[in-house]
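Chains as they are written, first to last, in our numbering: chain F, 1 to 790; chain R, 1001 to 1200; chain H, 2001 to 2284. Where is the CB? At the ideal position from N, CA and C, for every residue including glycine. Since the structure is predicted, the reported quantities are computational estimates derived from the model, not experimental observations. Reviewing the structure listed below.
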Amino acid sequence: MRPDLSRRSFLKWSAVVGAGAAIGGVAATQGGLIEGTASAAGTPAPVKVVPQQCTVNCGGYSCALQLHVQDDTIVRVDTDQMDRPGFPAMRGCLRGRATRQFVYNPDRLKQPMKRVGKRGEGKFEPITWDEAYTLIATNLDRIIKKHGNQAVYVQYASGTDGTTRTPVTRLLNMMGGYLNYYGTYSSACYNWAGPYTFGKLESNSGDDLVNSKLVVLFANNSAETQPGGGNEFYWQMQAKKAGAKVIVIDPRLSDTSKALADEWIPIRPTTDNALMDAMAYVMLTENLHDQAFLDKYTIGFDEKTLPAGAPANSSYRSYVMGLADGVKKTPEWAEKITGVPRNTIIRLAREIATTKPCALIQNLGWQRHAYGEQPVRGLPVLAAMTGNIGKSGGGPGLRDGRKNAPSISLPAGTNPVKASISVFQWHEAIERGTELRPVDGLLNAPKLDSNIKFIWNYGGNTLINQHSDTGRTHKVLADESLCEFIVVHDVMMTPSARYADVLLPDATSYERLHLGRGSTNVQGDRFYLGVPAITPLHDIKTNYEVCSGVAEKLGIGPKFTEGKTWEQWLKEAVSGVAAKTPGFPTWEQMLKDPIYRGTSTKPVIAYEAFIKDPEKNKLATPSGKIEIYSAAIAKLAQERGNAKELPAIPKYVPAWEGPNADPALLEKYPLQLLGHHTKRRVHSTHDNNKWMEEVEQQAITLNELDAAERGIKDGDMVKVWNDRGTIHVVCRVAKGIMPGVADLPQGAWFTPNKDGVDIRGNINTITKYHPTPGAKGNPQHTNLVQVAKL
Amino acid sequence: MAKQLGFHVDARFCAGCKTCQIACKDRSSLEVGQLFRKVVKHEEGGWVKQDDAWVTNVTAYWLSVSCNHCENPACVKVCPTGAMHKRAEDGVVMVDQSRCVGCQSCVWACPYDAPQYNPDLGKVGKCDLCADRLAAGQRPVCVDACPYQLLSFGEIDKLEAEKGGTAAVAGLADPKRTQPSLRINPPKGAINAASGRDLK
Amino acid sequence: MNMHDLPLIIYTLCLQSAVGIYIVSRMAAWTETSKAKRMRHLWLVGGLGVAGVIASALHMGYPWNAVLTMSNLGTSWLSREIVLTVSFGAAWLIGLVFESKEAGNVETRNGWSVLTSLIGFTLVFAMSMIYRTTAFPAWEHASTTFGFYATAGLIGTAVVFAGQLFQKGEEEPKALLPLLIGGVAMLALQMMAVASHGAYLGTAGPEAAETAALIAGPYAVLQWARVALTAIGAAIFMPLAWRQWAQKKVTSVPALAGALIALVVLGELAGRVLFYASRVKIGL
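Below you can see the structure in the form of structure tokens.
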């Protein structure tokens, strides 16, 4: 090695990770640290600015980044400054700005490897790419021949953008298909339950919020989930600046509430339906509700609008007034359940009913609960009772609204396999897939022919880290007789990567050509072309390269690639959209200016047409109206035999681990544990970013009263446990969380010690695998635990 | 009076995302433990149980603070070598690292934790208001970073005239100590009881 | 204890001891004429000074720039402290040469001692002002200055008195009464410093209150150690000094002498560790 070269590259690298100072003379000043790092060789290399975007899955749009590249190294990260009326600059948040700590992270996978130890042990040895392709192709071929295509599963993952994921499904479709899943870990209950009320889900777009007089946020912490400029929080802030009152209902004094709330109403997790039911009670008894709206646009609120065949006293009004169960859903009743003072409930109900227009907005936190289907359908009832649906400044009581961006992907083909399991059920399908039936949530097939035997896990950490009950997941995955082969292709040595049989290093989005997420955006019509900013580090390959390599081994190489490069596929995709979208740039234009900013400026008002003329513009529900009572749910619940857990109208259903759980269990585990989405990570991405650990150390937060009761001081190490597992983690003592509630932000990397105790603070160590009754979704905020000082 | 540059923070809407902190860290390639700009939380209030309900008056807010380029900078006063100095033309407080001896007197003297000791260099670094960016006609990186555009910089008198604000905010030192070139539109709950002692 | 404070603990204790021992020993030697008696403690002062300065260099992150540290005498107490340390060292060295060569007459040499003592006295003041100009409210008080002087005085008195107890043979115990009075005065000064600091902490804002809580809570052991050690030291010193003065003769009791020094120094060390450990910074 030539000393001058090694010194040069050392300087370069150390500057990247911020340790350049240690080398002395050359980089002895701050200025030297920033851009003079290549001056060891004389003149500094020129800095070029590469427009790129953050592609982590925060659920917002991908924020614009400007990467300063010197000597093929990212030396600084800047962001968008282009503000236009209605289109705020897409300024990256802390995570995007910490990109260098992601790209140049010591945990990056550097070469293809195969497992040599036990699954989950993390012992691997390097192999060649050719060996890797052969291993994958041989096992895929063998398993399909032996068990059929239902034995092949593409694990849910959101670590990288959609377009980049498509090659795997394209390849598998050519091989006869794979077992489908429905839903997502983010929104299983929302996307399942919402359509029973509205048919198709719509919302007023963010830019309509400025027309609201009152904004009430339920389980909505947009400031922390999507801090990037121009996302939902931006529009909530504009509403506040325009004079709207903002009320936030959340067990935590979230960052959103800190910034915007005129009033914060803390509530016990899993009990929001009780609060909403009691507000409905107040509105009904004080005659504050819009009966004409309910009569015209909804069914099932009153007995008279119940669909034929619905039992007597099954309307929402009857439920609230206690006609069915003898319990009036009074503020006193709700106070006991929710912990919200009765007078607050009365005041809130009056305020919501009398302030017009009022935007009632939910987000996804409350539907990751035992009965997550209920709040999703509950809030629209209040929106209907107050006549806010279809109005500017109001809204249907659903999530924040978005405008659609063009969606682009590589042609994946059609999956010959139609059977579909819930996204949450895969590990059950490994254990006993052939026993799953429609009553368990299996769709499009009476039963499965095989258990899952082959998993392809690309760019995701759900294989263990993000799935409930890591102890159980570990046992299932560790048994090689169950799932026989696991491919993991990712950028980091994640906890999921430890379970790979073949482990492949991927390029980050900054090292490869890609198209922006292609997902919907709050302010609509934004689209990106990502041109590699640097030469890929290490011996890494993209998903398309990997799938092409495997296809080659399977003898379908030419069929898979059609002789096209990745760039050619993307070019075709872009011109396809451009042909259908007036004003959409050409490939060549996107190379010059990779951000397409769109032109849509008019706010979207959800269900506007339906409200204008409900006869002509029926909703896509069976009745064509807003279904507060859903006969379809009633029928399904009857089939599944779980009508108590899955009522036809939204109800408060006490969670199996919540304030109304079995007293013996509550005695043992008195604290409700949440795992909120923290700003320092996006799910599990950036957990290993040291700048982010400095932003917020992974810790459980306890209310000061609960901490004092346990002799815990801020910064103490504590033990968090229930029957499913134990975590050792630092404790933060705070005022901004409701007594009786603890919070351990989700996404920390599962790190078991030799006794199986997680020492990083991964909440799934103690979450339960217990699918929700309707969506069969993940209830990961439903946990009872105990905490003690270590 | 000579020109004095400083920062304005609209803390009423700050959600504490810490993007400014990270952008600043990235710009100066700072190791963990060194922050030229930091975002700190302030909490007050308490909880009372009433029947089955919890009643609370807890409130909290975030403050983004870097060097405030004080008119009367404690760090400059205590620096034995003169490395810490106040630039005449715009009042920016800077450290000339070629003169710094690493005694950390400034670290002890600053009530805002602005000077940050760099153990690798054995010297102190701090916010220089992104002097290189200013010279290139750009804004400081934190100002350009705030996703909600709540940070501004400029001549402090003009900023105050245009946006108002005060540096007397609970959670920060009494501004009489050093006369910081910082104006904050205080959030709800930020009573004007500064921490630290009033130094006459 | 924060290990980064160690060089400063050593520096302040060494230099304050050096100044204290210098001044007290010069007073004790005021009327002496023999070279041996006039030279007593001078090398110890030098040794302590050198040790302190070496320790202080360890506190600097980039000591190669140390030569620049005297360039802000206008506002920086640290600059002043460094100039005064150098001056004290130089004056001490000249005095040492004078005494070892018995240059000039005793009055001239006493005059030089006064000058050196004044530099030392000012040095202790400068040292205290460094701490009083930080953003640690616990330090921003006159008790910091009193405390530093009390440290110098107590160690100075204890060492000079104990020095006599190490001597063999008959000596006329001339300085015993002044030493006794001085010792009591220094004890009173320290008690006053501690008491006024405690009273001040209650009035100086939330950070000072936190310091008070630290002193009363986790660091109470240091506070009590300092009080107990000093009290035991005083319990040895006072009757001994009184008896010797009354009997007009000095008895050699090296064990007690050693114990006295150890007790007083350990007491001051405990107090100094507490001083650093209990600081709480303003704001943020």
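- [ ] Determine the direct distance from the alpha carbon of F/Asn703 to that of F/Glu709, and round the result to whole angstroms.
- [x] Mapped onto the first sequence, residue 709 of chain F falls at position 709. Mapped onto the first sequence, residue 703 of chain F falls at position 703. Answer to the nearest angstrom: the Cα atoms are 10 Å apart.
- [ ] Keeping to the same chain, check which residues put their C-beta closer than 6 Å to that of H/Gly2111; ignore five residues upstream and five downstream.
- [x] In the third sequence, the residue the question calls residue 2111 of chain H occupies position 111. Sequence-distant partners of H/Gly2111 (beyond 5 residues in either direction) whose C-beta falls short of 6 Å from its own C-beta are missing from its chain.
Open item on the list: DSSP three-state label for F/Gln362, please.
Closed with: On the first sequence, position 362 is the one that residue 362 of chain F refers to. Of the three classes helix, strand and coil, the one that applies to F/Gln362 here is strand, per DSSP.
Open item on the list: Measuring straight from C-alpha to C-alpha, what distance separates F/Leu537 and F/Lys110?
Closed with: Within the first sequence, the letter at position 537 stands for residue 537 of chain F. Within the first sequence, the letter at position 110 stands for residue 110 of chain F. A direct Cα-Cα distance of roughly 8 Å separates F/Leu537 from F/Lys110.
- [ ] Please check if any C-beta of chain R sits within less than 9 Å of the C-beta of F/Glu552.
- [x] Counted from its first residue, the first sequence places residue 552 of chain F at position 552. False, the Cβ-Cβ gap to chain R never drops below 9 Å.
- [ ] Assign F/Ile556 to one of three DSSP states: helix, strand, or coil.
- [x] Your numbering for residue 556 of chain F matches position 556 in the first sequence. Three-state result, F/Ile556: coil.
Task: Residue range of the beta strand (DSSP E) that includes R/Met1084 - done: In the second sequence, residue 1084 of chain R corresponds to position 84, counting from 1. Under the DSSP assignment, R/Met1084 falls in the beta strand (DSSP E) whose first and last residues are 1084 to 1086.
TODO: Could you tell me whether the Cβ atoms of F/Ser422 and F/Gly777 are closer together than 9 Å?
DONE: The residue labelled residue 422 of chain F in the question sits at position 422 within the first sequence. The residue labelled residue 777 of chain F in the question sits at position 777 within the first sequence. A Cβ-Cβ contact shorter than 9 Å links F/Ser422 with F/Gly777.
TODO: Say whether chain R places a C-beta atom closer than 9 Å to the C-beta of F/Cys63.
DONE: Against the first sequence, residue 63 of chain F aligns to sequence position 63. It does; some Cβ of chain R falls within 9 Å.
Open item on the list: Rounded to the nearest angstrom, what separates H/Ala2185 and H/Tyr2149 at their Cα positions?
Closed with: As a first step, residue 2185 of chain H must be located in the third sequence, where it is residue number 185. As a first step, residue 2149 of chain H must be located in the third sequence, where it is residue number 149. In a straight line, the C-alpha of H/Ala2185 is about 11 Å away from that of H/Tyr2149.
- [ ] Name, please, each residue of chain R whose Cβ falls closer than 9 Å to the Cβ of H/Phe2146.
- [x] Mapped onto the third sequence, residue 2146 of chain H falls at position 146. Residues of chain R whose Cβ lies closer than 9 Å to the Cβ of H/Phe2146 do not exist; the shortest such Cβ separation is about 18 Å.
Task: Below-9 Å beta-carbon distance, R/Cys1127 vs any chain H residue - done: The count along the second sequence starts at 1 and reaches residue 1127 of chain R at position 127. No, R/Cys1127 lies away from the interface with chain H (no Cβ there is under 9 Å from its Cβ).
Task: Of the residues H/Phe2088, H/Leu2222, H/Leu2177, the one placed nearest H/Gly2020, counting alpha carbons only - done: If you number the third sequence from 1, residue 2020 of chain H lands on position 20. That would be H/Phe2088, whose Cα lies nearest to the Cα of H/Gly2020.
Open item on the list: Here's the rule I'm using: 16 or more other beta-carbon atoms within 10 Å means buried, otherwise exposed. How should H/Lys2281 be labelled?
Closed with: Numbered from 1 along the third sequence, position 281 holds the residue referred to as residue 2281 of chain H. By the neighbour-count criterion, in which 16 or more other beta carbons inside 10 Å mark a residue as buried, H/Lys2281 falls on the buried side.
Task: Proximal residues of chain H, C-beta to C-beta of R/Ala1109 below 8 Å - done: Here residue 1109 of chain R is taken as the residue at index 109 of the second sequence, counted from 1. For R/Ala1109, the chain H residues whose Cβ falls inside 8 Å of its Cβ are Thr2133, Thr2134, Ala2135, in order along the chain.
TODO: Sort out for me which residues DSSP pairs F/Asp490 with in a bridge.
DONE: Within the first sequence, residue 490 of chain F is the residue found at index 490, counting from 1. The secondary-structure analysis by DSSP pairs F/Asp490 across a beta bridge with F/Pro505.
TODO: Would you identify the three-state DSSP class for F/Thr29, choosing helix, strand or coil?
DONE: For the purposes of this step, residue 29 of chain F is taken as the residue at position 29 of the first sequence. Caution applies to F/Thr29, whose pLDDT of 35 falls short of 50 and renders its modelled position unreliable; the value that the coordinates give is listed next. In the structure shown, F/Thr29 adopts coil according to DSSP, grouped into three states.
Open item on the list: Just verifying my parser: in three-state terms, what is the DSSP assignment at R/Lys1123?
Closed with: Sequence index remark: in the second sequence, residue 1123 of chain R carries index 123 (1-based). DSSP places R/Lys1123 in strand when its eight states are reduced to three.
Task: Proximity test, Cβ basis, 9 Å: R/Ala1074 and chain H - done: Against the second sequence, residue 1074 of chain R aligns to sequence position 74. True, the Cβ-Cβ gap to chain H drops below 9 Å.
Open item on the list: For F/Pro3, count the other beta carbons within 10 Å of its own beta carbon; 16 or more makes it buried, fewer makes it exposed. Which is it?
Closed with: Here residue 3 of chain F refers to the residue found at position 3 when the first sequence is read from its first residue. With a pLDDT of only 34 at F/Pro3, under 50, the local geometry of the prediction cannot be trusted, and the value read off the model is given with reservation. Counting Cβ neighbours within 10 Å, F/Pro3 comes out exposed, since fewer than 16 surround it.
Open item on the list: So if DSSP puts R/Ser1064 in a beta bridge, which residue, or which two residues, is it bridged to?
Closed with: Within the second sequence, residue 1064 of chain R is the residue found at index 64, counting from 1. Within the DSSP secondary-structure output, R/Ser1064 pairs in a beta bridge with R/Val1039.
- [ ] Apply the 10 Å Cβ neighbour rule to F/Lys258 and answer buried if 16 or more other Cβ atoms are within range, or exposed otherwise.
- [x] By 1-based counting over the first sequence, the position of residue 258 of chain F is 258. Counting every other CB atom within 10 Å of its CB across the protein chains shown gives F/Lys258 a total of 16 or more, marking it as buried.
TODO: Please go through the same chain and pick out, in chain order, the residues whose beta-carbon is closer than 6 Å to the beta-carbon of F/Thr29, but skip the five residues on each side of it.
DONE: Reading the first sequence from its first residue, position 29 is the one you call residue 29 of chain F. Because the pLDDT at F/Thr29 is just 35, under 50, the model does not fix this residue reliably, and the point stays unresolved.
Open item on the list: Using only CA atoms, which one of R/Lys1049, R/Gly1171, R/Cys1127 lies nearest to R/Arg1037?
Closed with: Within the second sequence, residue 1037 of chain R is the residue found at index 37, counting from 1. The shortest Cα separation from R/Arg1037 among R/Lys1049, R/Gly1171, R/Cys1127 belongs to R/Cys1127.
Task: chain F residues whose Cβ lies nearer than 7 Å to that of R/Pro1147 - done: In the second sequence, the residue the question calls residue 1147 of chain R occupies position 147. Listed along chain F, the residues sitting closer than 7 Å to R/Pro1147 by beta-carbon distance are Arg91, Cys93, Pro227, Gly228, Gly229.
Task: Reduced DSSP secondary structure (H/G/I, E/B, other) of F/Arg801 - done: Residue 801 of chain F falls outside the range modelled here, since chain F spans only 1 to 790, and no answer is possible.
Open item on the list: For F/Tyr153, list the residues DSSP reports as bridge partners.
Closed with: Counted from its first residue, the first sequence places residue 153 of chain F at position 153. Answer is F/Leu179, F/Ile455.
- [ ] For chain H, find out if any of its Cβ atoms is closer than 9 Å to the Cβ of R/Ala1173; answer yes or no.
- [x] In the second sequence, counting from the first residue as 1, residue 1173 of chain R sits at position 173. It does; some Cβ of chain H falls within 9 Å.
TODO: Note down, in chain order, each residue of its chain lying with its Cβ closer than 6 Å to the Cβ of F/Gly32, except the 5 sequence neighbours on either side.
DONE: Counting from 1 along the first sequence, the entry for residue 32 of chain F is found at position 32. Its pLDDT being 33, under 50, F/Gly32 is placed unreliably by the model, and nothing is read from it.
- [ ] Assign F/Ser39 to one of three DSSP states: helix, strand, or coil.
- [x] The sequence position of residue 39 of chain F within the first sequence is 39, counting from 1. Below a pLDDT of 50, predicted positions are generally treated as unreliable, and F/Ser39, at 42, falls in that range; the measurement from the model is reported next regardless. Looking at F/Ser39 - three-state DSSP - the assignment turns out to be helix.
Open item on the list: Per the DSSP calculation, F/Pro126 is bridged to which residue(s)?
Closed with: As a first step, residue 126 of chain F must be located in the first sequence, where it is residue number 126. In the DSSP assignment, the residues bridged to F/Pro126 are F/Met113.
- [ ] Could you pull the start and end residues of the beta strand (DSSP E) that R/Glu1155 belongs to?
- [x] Position 155 of the second sequence, counting from 1, holds the residue named residue 1155 of chain R. 1151 to 1155 is the extent of the beta strand (DSSP E) around R/Glu1155.
Task: Other residues of its chain near R/Leu1078: CB distance less than 7 Å, five sequence neighbours each side excluded - done: Walking along the second sequence from the start, residue 1078 of chain R turns up at place 78. Note on residue identity: the sequence assigns Val, not Leu, to residue 1078 of chain R. Closer than 7 Å at Cβ, skipping near neighbours: Ser1105, Cys1106, Ala1109.
- [ ] Please state whether DSSP places F/Pro663 in a helix, a strand or coil.
- [x] Stepping through the first sequence from its first residue, residue 663 of chain F is reached at position 663. Note: F/Pro663 maps to helix in three-state DSSP.
Task: For F/Ile346 and F/Val282, believed in contact at Cβ under 8 Å, the rounded distance - done: In the first sequence, counting from the first residue as 1, residue 282 of chain F sits at position 282. In the first sequence, counting from the first residue as 1, residue 346 of chain F sits at position 346. That belief holds up - the Cβ atoms of F/Val282 and F/Ile346 are roughly 5 Å apart, short of 8 Å.
TODO: Report buried or exposed for F/Pro266, applying the criterion of at least 16 other Cβ atoms within 10 angstroms of its Cβ.
DONE: Within the first sequence, the letter at position 266 stands for residue 266 of chain F. The residue is buried, with at least 16 neighbouring Cβ atoms inside 10 Å.
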